[in-house]
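Enquirer:
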Amino acid sequence: MGCRRAGTDDRARPRPREFWSAMEKQTLSIPVRGMTCASCVAHVEHALRSLEGVEDVTVNLATERASFR
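Residues in the sequence shown are numbered from -7 upward in steps of one, following this note's numbering.
(1) Closest by CA to leucine 53, which one among Glu44, Leu43, His35 and Glu10?
(2) Arginine 61: which of Val51, Glu47 and Thr55 sits nearest, CA to CA?
(3) Using only alpha-carbon positions, find the residue among Cys29, Val51 and Thr28 that is nearest to alanine 39.
(4) Where does alanine 30 land, buried or exposed, given buried means 16+ other C-beta within 10 angstroms?
(5) Pull the bridge partners of arginine 57 from the DSSP assignment, please.
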């Protein structure tokens, strides 16, 4: 006999966009290793911007860090 999850309702789950809109925006800074040129920076920026809820992306080649909120 299978187990049923009682009381689950997909409509009650927060959606990612609603979740991020409700959260206070904070800036995060993460290390990014292995970048060697401006093209690497552009690829990292594009990848971060493609994530839902991410905005204001800055990637610094010299410090090997990406900041975003």
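Each residue gets a CB set at the ideal place from its N, CA and C atoms; glycine is no exception.
All values reported here derive from a predicted model rather than from experimental measurement.
Expert: Well, looking at it:
(1) The residue from Glu44, Leu43, His35 and Glu10 with its alpha-carbon nearest to that of leucine 53 is His35.
(2) The option with the nearest alpha carbon to arginine 61 is Glu47.
(3) Of all alpha-carbon atoms in Cys29, Val51 and Thr28, the one lying nearest the alpha-carbon of alanine 39 is that of Val51.
(4) With fewer than 16 Cβ atoms within 10 Å of its Cβ, alanine 30 is classed as exposed.
(5) Arginine 57 has Pro23 and Asn52 as its beta-bridge partners, per DSSP.
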